[in-house]
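Chains as they are written, first to last, in my numbering: chain Y, 1 to 303; chain D, 304 to 557. Beta carbons: idealized from backbone N, C-alpha and C, even for Gly. Encoded as structure tokens, the structure appears first; notes follow it.
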Amino acid sequence: MVDLSADLGFIKLKNPVIPASGTFGYGEEFQTFFDLDILGAFVLKGIYKNPRPGNIPPRLHETAAGLLNSIGLAGPGAEELVNIIKRVAGITHTPVVVNVCGEDDEEYLEVAQIFDALDEVAMLELNISCPNVRAGGKCPAQDGQHTYRLVKLIKQNTVKPLIVKLSPNVKDIVSIALSAEEAGADALSLVNAYLGLAVNLKSRAPVFRNVFAGLSGPAIKPLALKLVYEVARQVAVPVIGIGGITCGGDVLEFILAGASAVQTGTVNMVEPAASVRILHEIETQMQELQIKNLEEIRGELKI
Amino acid sequence: MKEEKCRVVENININEKYYLMKLKTTTIAKDCRPGNFVMVAVSTTFDPLLKRPFGIFKSEPPYIYLYYEVVGKGSELMSRLKENDNLAVLGPLGNSFPVFRSENILLIAGGRGIVPIYFAAENYAAGNTLFLIYGAKSAGDLNLLDRIDSLPLKKTYLYSENGSTGKKGLVTGDVREIIIDNHINITFSCGPDAMFKSLNQELAGLAVENYASLEALMGCGFGICYSCAVKTRLGGYKKVCSDGPVFKLEDIEW
Ligand SMILES: Cc1cc2nc3c(=O)[nH]c(=O)nc-3n(C[C@H](O)[C@H](O)[C@H](O)COP(=O)(O)OP(=O)(O)OC[C@H]3O[C@@H](n4cnc5c(N)ncnc54)[C@H](O)[C@@H]3O)c2cc1C
Ligand SMILES: Cc1cc2nc3c(=O)[nH]c(=O)nc-3n(C[C@H](O)[C@H](O)[C@H](O)COP(=O)(O)O)c2cc1C
Ligand code: FES
């Protein structure tokens, strides 16, 4: 028997598999595919205070082994999400993570406080890294000072564990990670989608109105692994690895690179029951490689 | 809704770039209704990464039929599948046409839009009187006429834009007259956006209930990614995959 549990310090998860924000709906949509109780945790689709329509289509463009999206955080607003979460809590015991968004620091705080007060929520994930909201893909996670200020503001006014989700679209992700840690982040999750460009040859224009869009899927896995490796070596807080994971082996690679747990994104859209398969693969692969528990290999990449 | 491993029973080239695929399913065939679609994993590698949406043309449990046009990489890969190949299929997905009894229903299909229309024709014949308008660019795009001939339709109107089959012109060319002459009170339609656009204009002011089955670029097909947004007349977006694909024609902003 192998031990699949993943220890984040402030919470011990049954296993390291956490479906990522925006690719797992509000959890309940996946109930028909598998029992949500098998998951380590899951992150709900990003939420702002008020309902948002999302970006003008097209919102999607497929690339080789990847996906560019420009959804623009369409959603029902915080009030409605509270109702949804109460409903979801009735169907699973798995820890629920709320992906907190905001147009400005005040909104981030307001949204964070709404869900901080909700018993059914286990953790908050601060989404300071969405590439699809502002033109050019700008977000707070590209500025160390802004990251520090915002994380500090949230930490000072909330009590639940706070995961800060970082952007790969920065010059020096380690310095941003250190700013978030110094400001009190309990964990870091990385990465959000990479900025990319799709061109329509016929119209000679970008495919997306926002010009750039977020690249996710298997295409970004090596890039994400590199950033997880770099950040995990420098911070003391746990790191949650995200980017292009599609199988159990990918999960173990992220753990070796230093992650304490992982989030699976695009794969959930492509294969709704992917979590079941991935969990099974982690277990068999750990047996094959004689790994008794994840802690044994975490960050043990032999350089 | 379930992801199933389905076996290809037949994958026949009907004409030029059009194929008819017969798949053996576990539960999709018996659970599906006209308007429903499936997401097909056209590749087992990551390229293409996303499943492709296809309407259900016919259900004959445990079999479903897909009628598809080769337009790009995914459909091209699909066209190469052979008997006994397996593929992952998610479905049945989306809503379906509402149920009616004792109505005069006009079915309107543009090109591959015949897919949900054919399924509806088979299912709605009992109790209703059905009429069909079926049109496409040219004779090569106007397929399955022998199958359509054997449907219990009161009358069929064929069109091609270049005049190579049926009447020369657009599907929507005579739709107003056809509706008035045949005392139609319901329409079901499926086709390209341009067809819906002109249909919406032609049908304005007529006392007819219109149901349109839409297409959109899809990521997941089951309502979680918000890729398939279509703008509604009242503002805001609906998800084609889970709020649709069948909408009231006039609820959509064309
Ligand atoms: C609900 C629904 C039902 C459908 N039913 C059928 C059907 O019964 N038979 C059939 O032949 N096709 C159907 N389609 C369209 C079919 O999904 C696309 O033709 C297919 O996904 C193209 O994949 P590809 O890899 O071959 O082409 P790609 O290389 O992905 O694209 C080639 C071209 O097709 C366009 N395209 C891609 N995806 C779609 C899409 N989802 N809708 C419209 N255009 C698209 C692209 O913009 C591009 O111009 C349906 C689509 C939807 C949403
Ligand atoms: C359709 C889509 C929607 C997403 N929405 C969100 C979101 O609301 N909040 C967020 O923090 N990340 C969002 N992401 C980013 C993912 O959570 C994840 O960080 C990214 O896709 C990389 O992981 P992957 O390669 O496994 O998909 C979204 C990604 C996709 C593809
Ligand atoms: S395709 Fe994902 S929500 Fe419709």
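DSSP-derived helix/strand/coil call for valine 43(Y): Translated into positions along the first sequence, residue 43(Y) becomes position 43. Strand.
Taking its Cβ as the centre, do 16 or more other Cβ atoms sit within 10 Å of glutamate 363(D), making it buried, or is it exposed? As a working mapping, residue 363(D) is identified with position 60 in the second sequence. Glutamate 363(D) should be labelled exposed.
Test: valine 270(Y) CB closer than 8 Å to a CB of chain D: Here residue 270(Y) corresponds to residue number 270 of the first sequence, with the count starting at 1. Closer than 8 Å to some Cβ of chain D, the Cβ of valine 270(Y) qualifies, so yes.
Using the beta carbon as the reference atom, which residues fall closer than 7 Å to any heavy atom of ligand 3, ordered along the chain? Met269(Y), Met521(D), Gly522(D), Cys523(D), Gly524(D), Phe525(D), Gly526(D), Ile527(D), Cys528(D), Tyr529(D), Ser530(D), Cys531(D), Lys542(D), Val543(D), Cys544(D) and Ser545(D)
Note down, in chain order, all residues in the region 336-366 of chain D with a beta-carbon under 7 Å from any beta-carbon belonging to chain Y. Phe349, Asp350, Pro351, Leu352, Leu353 and Lys354
Beta strand (DSSP E) containing leucine 197(Y): first to last residue? Locating residue 197(Y) in the first sequence gives position 197, counting from the first residue. From DSSP, the beta strand (DSSP E) with leucine 197(Y) extends over 194-197.
I'd like to know if the region 172-188 of chain Y and the region 36-51 of chain Y are in contact, where contact means that at least 3 CB-CB pairs between them fall below 8 Å. no
According to the Cβ coordinates, are isoleucine 282(Y) and leucine 4(Y) closer than 8 Å? Indexing the first sequence from 1 puts residue 282(Y) at position 282. Indexing the first sequence from 1 puts residue 4(Y) at position 4. In this structure, leucine 4(Y) lies closer than 8 Å to isoleucine 282(Y) by Cβ.
Does the structure place the region 378-391 of chain D close enough to the region 327-341 of chain D that three or more beta carbon pairs sit under 8 Å? no
Go ahead and pull the three-state DSSP assignment for isoleucine 85(Y). Translated into positions along the first sequence, residue 85(Y) becomes position 85. In this structure, isoleucine 85(Y) counts as helix in the three-state DSSP scheme.
Beta-carbon proximity of threonine 63(Y) to alanine 219(Y), cut-off 8 Å: Mapped onto the first sequence, residue 63(Y) falls at position 63. Mapped onto the first sequence, residue 219(Y) falls at position 219. It is a contact, given that the beta carbons lie within the stated cut-off.
Does chain D have any CB closer than 8 Å to the CB of asparagine 69(Y)? Counted from its first residue, the first sequence places residue 69(Y) at position 69. True, the Cβ-Cβ gap to chain D drops below 8 Å.
Grab the span of the alpha helix (DSSP H) containing proline 222(Y) for me, first residue to last. Walking along the first sequence from the start, residue 222(Y) turns up at place 222. Where proline 222(Y) is concerned, the enclosing alpha helix (DSSP H) stretches over 221-234.
Positions along the region 210-237 of chain Y whose CB lies within less than 9 Å of some CB in chain D: Gly217, Pro218 and Ala219
For valine 543(D), which residues in the same chain have their Cβ closer than 6 Å to its Cβ, ignoring the five residues on either side in sequence? Counting from 1 along the second sequence, the entry for residue 543(D) is found at position 240. Excluding residues within five positions, the ones whose Cβ falls inside 6 Å are Leu517, Ala519, Cys531 and Val533.
Just the chain C side, please: which residues come within less than 8 Å of phenylalanine 525(D) by C-beta, in chain order? Of the protein chains in this structure, namely Y and D, none is chain C.
Strictly by DSSP, which residues pair up with glycine 413(D)? What you label residue 413(D) is simply residue 110 of the second sequence in a count that begins at 1. In DSSP, glycine 413(D) forms a bridge with Gly438(D).
Counting only the same chain and skipping the five closest in sequence on each side, list residues whose C-beta sits under 6 Å from that of alanine 193(Y). As a working note, residue 193(Y) is residue 193 in the first sequence. So the list reads Pro131, Gly214, Leu215 and Ser216, once near-sequence residues are dropped.
From Ala224(Y), Val270(Y), Ala74(Y) and Val88(Y), residue whose alpha carbon lies closest to that of lysine 541(D): Here residue 541(D) is taken as the residue at index 238 of the second sequence, counted from 1. Considering only alpha carbons, the answer is Ala74(Y).
Give a yes or no on whether 8 Å exceeds the smallest Cβ distance from threonine 92(Y) to chain D. The residue labelled residue 92(Y) in the question sits at position 92 within the first sequence. Cβ-Cβ to chain D under 8 Å: no for threonine 92(Y).
If you run the structure through DSSP and keep just helix, strand and coil, what is proline 364(D)? For the purposes of this step, residue 364(D) is taken as residue 61 along the second sequence, with counting starting at 1. DSSP places proline 364(D) in coil when its eight states are reduced to three.
Does the beta carbon of serine 530(D) sit closer than 8 Å to a beta carbon anywhere in chain Y? Taking the first residue of the second sequence as position 1, residue 530(D) is located at position 227. Yes - at least one Cβ of chain Y is within 8 Å of the one on serine 530(D).
If you measure from the beta carbon of phenylalanine 24(Y) to each beta carbon in chain D, is any gap under 8 Å? Stepping through the first sequence from its first residue, residue 24(Y) is reached at position 24. Cβ-Cβ to chain D under 8 Å: yes for phenylalanine 24(Y).
Strictly by DSSP, which residues pair up with proline 19(Y)? Within the first sequence, numbered from 1, the residue matching residue 19(Y) stands at position 19. Its beta-bridge partners are Thr264(Y).
What span of residues does the alpha helix (DSSP H) with serine 378(D) cover, start to end? Taking the first residue of the second sequence as 1, we reach residue 378(D) at position 75. Per DSSP, serine 378(D) belongs to the alpha helix (DSSP H) from 376-382.
Whole angstroms is fine: what's the gap from leucine 188(Y)'s alpha carbon to glutamate 181(Y)'s? Here the question's residue 188(Y) lines up with position 188 in the first sequence. Here the question's residue 181(Y) lines up with position 181 in the first sequence. So the two alpha carbons sit approximately 8 Å from each other.
Apart from the five residues on each side of it in sequence, which residues of its chain come closer than 6 Å, Cβ to Cβ, to aspartate 388(D)? Position 85 of the second sequence, counted from the start, is the residue given in the question as residue 388(D). So the qualifying residues of the chain are Val311.
CA nearest to the CA of glutamate 553(D), picked from Ile527(D), Cys528(D), Met521(D) and Thr490(D): To locate residue 553(D), count along the second sequence from 1; it is residue 250. Cα-wise, what sits closest to glutamate 553(D) is Thr490(D).
Looking only at DSSP bridge pairs, what is histidine 61(Y) linked to? Here residue 61(Y) corresponds to residue number 61 of the first sequence, with the count starting at 1. Answer is Leu68(Y), bridged to histidine 61(Y).
Report yes if the CB atom of isoleucine 370(D) is closer than 8 Å to the CB atom of leucine 435(D), and no otherwise. Numbered from 1 along the second sequence, position 67 holds the residue referred to as residue 370(D). Numbered from 1 along the second sequence, position 132 holds the residue referred to as residue 435(D). Looking at the sequence provided, one finds tyrosine at residue 370(D) rather than isoleucine. Their beta carbons are not under 8 Å apart, which means tyrosine 370(D) does not touch leucine 435(D) by this criterion.
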